[in-house]
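Per this note's numbering: the sequence shown = residues 1 to 368. Backbone N, C-alpha and C define an ideal beta-carbon position, used for all residues, glycine too. Values in this document were obtained by computation on a predicted structure and should not be read as measured data. The next block holds one structure in the form of structure tokens; read it before the comments.
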Amino acid sequence: MLRSACRACLPHLRCDICESPFQVGTRSEYSPLTGSLIKSGRRSRPRLCASCDAAALAANREANPFAVQQHRDRLIGALKRLHERAEPVDYAKLGYVQSCLLYAALVAANVGSDDLEIPPLVSQTEPLAPTVELSDGIYTRLYTDRILLPALSSDRHALSLNEQTGVVTFSVRTGTWRLADDLTGRSRDEILSVLYRRLEQPDPRAAEELWYLVAVEECKRYFVSQCERYRFIDPGIYSSKVAATLRDYLDQCSIGQMWNIIYYAIKNLAALAQEGTYTRQHIYNMIPGSIRRYADYRLAKDEPIRPWRRPSPATESWMTSILLDKVLKSGDISFETLTGQDVVSYVERVLVGLPDAAQRDSLRTDGT
């Protein structure tokens with residue numbers, strides 16, 4: 001949690017020009033769960049720091065309008081060539097993971113029924129994913145698969161053109177996006193309907209991939225909230241060791257059970273910090289081991305781990321809602337009881353209708 005009597009630097013939020021970290025003076029200016037700044041009642045990430053923004057404004061006032069227009073024309077030309085090279089997409093034949101990610105991106109953007117353009121991530125009011133990093137990763141993946149393309153109407157500050165190679169660099173969070181043309185000329189509503197019907201036919205392995213994708217980020221979001229609660233504010237507190245620990249135990253625990261483990265592990269370390277026996281950095285280094293020790297103790301003794309309840313829809317991301325309610329079709333039960341190692345068998349048995357391992361053995365025995 002940020003101290004109100006000082007200014008705190010946010011290393012993960014940096015100016016696009018000078019790369020200096022943004023600073024906040026009060027807790028009300030920063031949302032740790034979404035990893036964004038709160039400005040004028042809207043949760044958005046500014047592109048430039050105050051000094052660079054002022055310098056850019058002054059440069060715009062003094063810039064030669066003809067040179068600016070020429071640069072803009074070159075950017076538009078490069079984008080047009082990118083659109084011309086892009087091949088139409090048959091949205092009915094997308095993979096299951098691609099369909100789920102695209103469906104979530106479209107419903108989170110909440111654009112008009114006939115509008116194929118998607119507003120920038122920074123201007124969207126509803127969270128696409130539990131964390132900013134996953135939201136960026138979803139758009140990056142869809143762009144890599146040429147399902148989303150940079151829109152011609154993008155702000156020129158979101159684009160960067162290499163004059164020698166003609167390669168356009170596009171900002172994932174501040175740029176406007178456009179759906180690739182459909183092979184059969186479907187409208188946006190028709191594309192949404194196709195994706196919706198595709199989600200009705202879950203693929204076990206794809207569902208497992210989506211579950212881990214969301215579960216890890218939901219645990220990260222809850223981990224950050226608990227660290228903020230006890231004023232563990234080190235920027236690198238969510239280290240690769242913590243991420244690997246959470247991923248390992250998600251094989252045997254549900255999301256709600258992992259929240260329980262995180263809660264008590266961080267709470268116990270906060271008590272040690274209050275005693276003053278260990279330094280803060282020592283406490284931070286103990287976090288992965290504390291989570292492992294608490295989880296191993298409960299799992300080894302086969303003690304039930306009471307799952308935390310699913311958050312309300314008002315605070316839940318679209319990816320989480322779609323996974324639990326649309327893909328797995330069991331809502332709160334999936335959040336509280338479904339473990340990573342059981343996702344494939346659950347989808348095969350309950351949703352697809354395939355027999356599980358025990359049933360297959362029984363059928364094989366009966367057949368012989």
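Around the C-beta of Ser99, are 16 or more other C-beta atoms found within 10 angstroms, so that it is buried, or is it exposed? Burial call: buried.
Under the three-state reduction of DSSP, which class applies to Arg42: helix, strand or coil? Interpretation of Arg42 is limited by its pLDDT of 40, a score under 50 that renders its predicted location unreliable; the figure taken from the coordinates is listed afterwards. Collapsing the DSSP output to three states places Arg42 in a strand.
Segment limits, alpha helix (DSSP H) that includes Pro334: Looking at the sequence itself, residue 334 is Ser, so the reference to Pro does not match. Run containing Ser334: Asp332 to Thr337, per the alpha helix (DSSP H) assignment.
Assign Ser51 to buried or exposed, taking buried as 16 or more other Cβ atoms, counted over all protein chains shown, within 10 Å of its Cβ. So Ser51 counts as exposed.
In terms of DSSP beta bridges, what is Trp177 paired with? Ile118 and Pro150
Can you say whether Cys49 is buried or exposed, counting buried as having 16 or more other CB atoms within 10 angstroms of its CB? The residue is buried, with at least 16 neighbouring Cβ atoms inside 10 Å.
Could you round the C-beta distance between Ala204 and Gly175 to whole angstroms and report it? I think they count as a contact, below 8 Å. The sequence shown places Pro at residue 204, rather than the Ala named in the question. Their Cβ separation, rounded to whole angstroms, is 35 Å, which puts Pro204 and Gly175 out of contact at 8 Å.
Measure from the alpha carbon of Leu116 to the alpha carbon of each residue in Glu126, Gln257 and Leu152, then state which is nearest. Leu152
Bridge partner(s) assigned by DSSP for Val89: Asp182
Taking the continuous alpha helix (DSSP H) assigned at Gln201, which residues delimit it? Where Gln201 is concerned, there is no enclosing alpha helix (DSSP H), given that its DSSP letter is neither H nor E.
How far does the alpha helix (DSSP H) with Thr140 in it reach, from first residue to last? Under the DSSP assignment, Thr140 falls in the alpha helix (DSSP H) whose first and last residues are Val132 to Thr144.
Just verifying my parser: in three-state terms, what is the DSSP assignment at Phe223? It is helical.
When DSSP labels each residue in this structure, what does Cys9 get in the three-state scheme? Correct three-state label for Cys9: strand.
Exposure label - Ser317; buried when at least 16 CB within 10 Å: Buried, since its Cβ has 16 or more Cβ neighbours within 10 Å.
For Gly343, collect the residues of the same chain with a Cβ closer than 7 Å to its Cβ; drop the 5 residues on either side in sequence, then sort them by chain order. Correcting the residue identity first, residue 343 is Val in this sequence and not Gly. Around Val343: Ala207, Glu208 and Trp211.
Distance check for Glu348 and Val167, CA to CA, integer angstroms please. 45 Å
First through last residue of the alpha helix (DSSP H) which encompasses Gln274: Ile255 to Glu275
If Asp181 sits next to Ile191, beta carbons under 8 Å apart, how far is it from one beta carbon to the other, in whole angstroms? Contact flag wrong, Cβ pair sits at about 11 Å.
Please identify the residue among Cys15, Thr279, Arg188 and Leu269 whose C-alpha is closest to the C-alpha of Phe223. Of the candidates Cys15, Thr279, Arg188 and Leu269, the one whose C-alpha sits nearest the C-alpha of Phe223 is Leu269.
Residues that Ser160 bridges to, as DSSP identifies them: Paired residue(s): Thr169.
I'd like to check one pair, Thr245 with Arg292: are the Cβ atoms closer than 8 Å? yes
Note down, in chain order, each residue of its chain lying with its Cβ closer than 8 Å to the Cβ of Ile138, except the 5 sequence neighbours on either side. Leu101, Ala104, Ala105, Leu128, Ala129 and Met319
Can you tell me the Cα-Cα spacing of Arg198 and Lys93, whole angstroms? 9 Å
Grab the span of the beta strand (DSSP E) containing Gln252 for me, first residue to last. Note, Gln252: premise wrong, no beta strand (DSSP E); not H, not E.
Tell me the rounded alpha-carbon separation between Arg186 and Tyr196. 14 Å
Beta bridge counterpart(s) of Gln23 as assigned by DSSP: Partner(s): Cys9.
Of all Cβ atoms in chain D, is any one closer than 8 Å to the Cβ of Ser225? Note that chain D does not occur in the displayed structure, where there is just one protein chain.
Just the C-alpha distance for Pro119 and Ile255, rounded to the nearest angstrom, thanks. 31 Å
Which first and last residues belong to the alpha helix (DSSP H) in which Asp296 is found? Arg280 to Ala300
Determine the closest residue to Ala55 out of Thr131, Leu161, Cys18 and Ala86, with distance taken between C-alpha atoms. Ranked by Cα distance from Ala55, the first of Thr131, Leu161, Cys18 and Ala86 is Cys18.
Between which two residues does the alpha helix (DSSP H) carrying Val344 extend? Val343 to Tyr346
Verify whether the separation of the beta carbon atoms of Ile261 and Ile322 is less than 8 Å. no
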